[in-house]
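Each remark here refers to the structure printed beneath this line.
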Amino acid sequence: MFLSSPLSRRATNLALLVPAALLLSAQSLALTEAEDPQDESAPQAEILQLDQPVEKEDQSPPAEAEAGTPETDKEPLPQAENLQLDQPVEKEEQSPTTEAEAGTPETDKEPLPQAENLQLDQPIEELEEPAPASPDTAQPESPAIQEEAATPESEERQTDAAPAEEQARPLRLLGAEVAPATSTRLAWSPSQHFEGVYSSTAVLVVNGAKPGPTLCLTAAVHGDELNGIETVRRVMYNLDADKLSGAVIGVPIVNLQGFHRGSRYLTDRRDLNRHFPGDPHGSSASRIAYSFFHEIISHCNAVVDLHTGSFYRTNLPQLRGDLSNPKIVKMTKGFGSTVVLHSDGAKGTLRRAAVEAGIPTVTLEAGAPMVLDELSVSHSVKGIRTLLNQLGMLAKFRLWGDPEPVYYNSTWQRATNGGIIFSEVELGEFVRKGDLLGTVTNPITNVRTEIRSEHNGRILGMALNQVVQPGFAAYHIGIQAPQEQISPPEEVTAESEQADAEAAVPAEEEPATDEPADKVQEAETLESDED
Ligand SMILES: [Zn+2]
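Residue numbers for the sequence shown follow the working numbering, beginning at 1436 and rising by one.
What follows is the structure, encoded as structure tokens:
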């Protein structure tokens, strides 16, 4: 159910279309043959009054042959239960064991159902219902969980590999216990939904045979960012639980609502990545964020959150992290040949909230939204596998390339006029002050303006060729500054992106105003190119 993505559905439709087209041509062929007087064997088509309504689909006499159809009155069918439809359904009967409700997954004593060991890379023939989330998923208010989340168990399981004598431990997650040396597929669905309406999203878990940290990979927090989905798939399906130290939790599609609609946002037009760590009593987005943060993120010792550029911009594969935090510096160094950009992250991002909860987290940016590109995906996969080596989670040691420079500073160059932008530079290119980056031509007046670099630096992100408004952030230039000069990078924010945000969010679909107006305003206009 959770994997019946628009993509696969589209594929199925296509598959259906092709035979249909073949059938059509076969039929028309048959018609031509029937008209051929030479061929006596072809059945004569009945002459019909096409404008006459069809009284009854005449199911031709040998109907009883089709024994299994519901038309045959003889076949016994199960009797539908007589219900009081106006009676509220007490509980989706998902949990046969009511005592399970008493214990949150945090309580180590409560026995949890053992997760099945799966070959994750084996395609699922028939989609079975994923393991039901524990009943407590629906009750995130429990103060115990809140406490736990504020101080995750990271104390005992640091990012550094655990001492050798320690035993690998079962991982208790989403109402299941994943034993060491087990790969499995669990499901998370935010508690805030109509029963039966919201579908759950897959949570892939590989718990290694040996002890070690828990690394989490999250993708598509913005539903239109596809590269991360494929990256998580490739990483997870190539992990061997018997050879892994620690655990890897991969969530390929966090924002399933947005993914289904090809949208960055949740259904209510809110940016999920501005609502972490969430609030169990807040807006819909806050509740979803809260559930995800407490059900998944609080179990991680480190997180890699995968993103792409936003609004028709593309990013050179790059890490973003708060480089004033030594744990995060260490983590970024684990990715091998990947550009690093200092940024502490906008408030409400998963990255910022996780770091504030003591969990080292970086964003891995690669490519553009709505595009799957092989270079971005393979770079990301390589980076994460290198990180697994560096964290001591994968034994096979390998070094990937020379480390890329760290950019402690970056700036945006904007379009000064509106029009059609064409770039003269490419992602990753080094530019000097005065270099031509691109041109913006007004299609009506034919006035052409140039955007020239104001810095010596490197193109870390850029607009795809498109129509832009004046002020559109077009080129993200990384500047190599001494570490002492760490300054907060310029976020692509509020005023500058208002035009784009308005273009992306039609006026009639303004976010629901169950929050004070100013708060909504703040949340929705803080459009950065990342996170
Ligand atoms: Zn994003």
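Where a beta carbon is used, it is the ideal one built from N, C-alpha and C, also for glycine.
Source: prediction; values computed, not measured.
| Check | Outcome |
| --- | --- |
| Within a Cβ cutoff of 8 angstroms, which residues of the same chain sit near Asn1900, ignoring the five residues on either side of it in sequence? | Ile1855, Ile1856, Phe1857 and Ser1858 |
| Let me check understanding here. Comparing Cα to Cα, which of Met1805, Lys1645, Asp1837 and Pro1752 lies closest to Gly1697? | Met1805 |
| Where DSSP assigns a beta bridge to Thr1846, which residues make up the other side? | Ile1912 |
| Any heavy atom of ligand 1 inside 6 angstroms of the beta-carbon of Glu1660? | yes |
| Check whether the segment 1662 to 1681 touches the segment 1768 to 1776, counting contact only when three or more Cβ pairs, one atom from each stretch, lie closer than 8 angstroms. | no |
| Does the pairing of the segment 1638 to 1651 with the segment 1724 to 1743 give three or more beta-carbon distances under 8 angstroms? | yes |
| Quick check on Ile1482: buried or exposed, where buried means 16 or more other Cβ atoms within 10 Å of its Cβ? | exposed |
| Got a sec, what are the start and stop residues for the alpha helix (DSSP H) Leu1785 sits in? | Leu1785 to Glu1791 |
| Are the CB atoms of Gln1904 and Gly1853 nearer to each other than 7 angstroms? | yes |
| Does Glu1858 come out as helix, strand or coil in the three-state DSSP assignment? | Residue 1858 is actually Ser in this sequence, not Glu. Correct three-state label for Ser1858: strand. |
| Give the range of the alpha helix (DSSP H) segment to which Val1816 is assigned. | Glu1809 to Gln1825 |
| Between Met1897, Thr1851, Ala1724 and Lys1868, which lies nearest to Asn1877 when the distance is taken from Cα to Cα? | Thr1851 |
| Determine whether the beta carbon atoms of Val1640 and Trp1623 lie at a separation below 7 angstroms. | no |
| Classify Phe1865 as buried or exposed, calling it buried when 16 or more other Cβ atoms lie within 10 Å of its own Cβ. | exposed |
| Residues in its own chain within less than 7 angstroms of Leu1553 by CB, not counting five upstream and five downstream? | Ser1618, Thr1619 and Arg1620 |
| Taking Cβ to Cβ, would you say Phe1728 is nearer than 7 angstroms to Pro1712? | yes |
| Within 6 angstroms: the Cβ of His1911 and any heavy atom of ligand 1? | no |
| In terms of alpha-carbon separation, which member of Ile1763, Phe1907, Asp1757 and Val1764 lies closest to Ala1781? | Asp1757 |
| Given a cut-off of 7 angstroms on the beta-carbon distance, is the pair Leu1776 and Tyr1842 in contact? | yes |
| How would you write the range of the alpha helix (DSSP H) that Glu1665 sits in, first residue to last? | Asn1662 to Met1671 |
| Under 7 angstroms, do Ala1655 and Ile1684 count as touching if we go by C-beta distance? | no |
| If you compare alpha carbons, which of Val1882, His1657 and Pro1615 is closest to Pro1646? | Pro1615 |
| Let me check one thing: in DSSP terms, what residues is Val1774 bridge-paired to? | Gln1753 |
| Helix, strand or coil for Lys1768? Go by DSSP, reduced to three states. | helix |
| DSSP three-state call for Asp1740: helix, strand or coil? | strand |
| With DSSP as the reference, please indicate the residues paired to Trp1623 in a beta bridge. | Thr1636 |
| Let me confirm a value: Leu1882 is counted as buried when at least 16 other C-beta atoms fall within 10 Å, else exposed. Which label applies? | First, the amino acid is wrong: residue 1882 is Val here, not Leu. The residue in question, Val1882, is exposed, as its Cβ has fewer than 16 Cβ neighbours within 10 Å. |
| Answer yes or no: do Glu1612 and Leu1547 have a C-beta to C-beta separation smaller than 7 angstroms? | yes |
| Among the candidates Glu1545, Ala1676, Val1812 and Tyr1747, whose CA atom is the shortest distance from the CA of Leu1608? | Glu1545 |
| What residue range does the beta strand (DSSP E) around Ser1680 cover? | Ser1680 to Val1686 |
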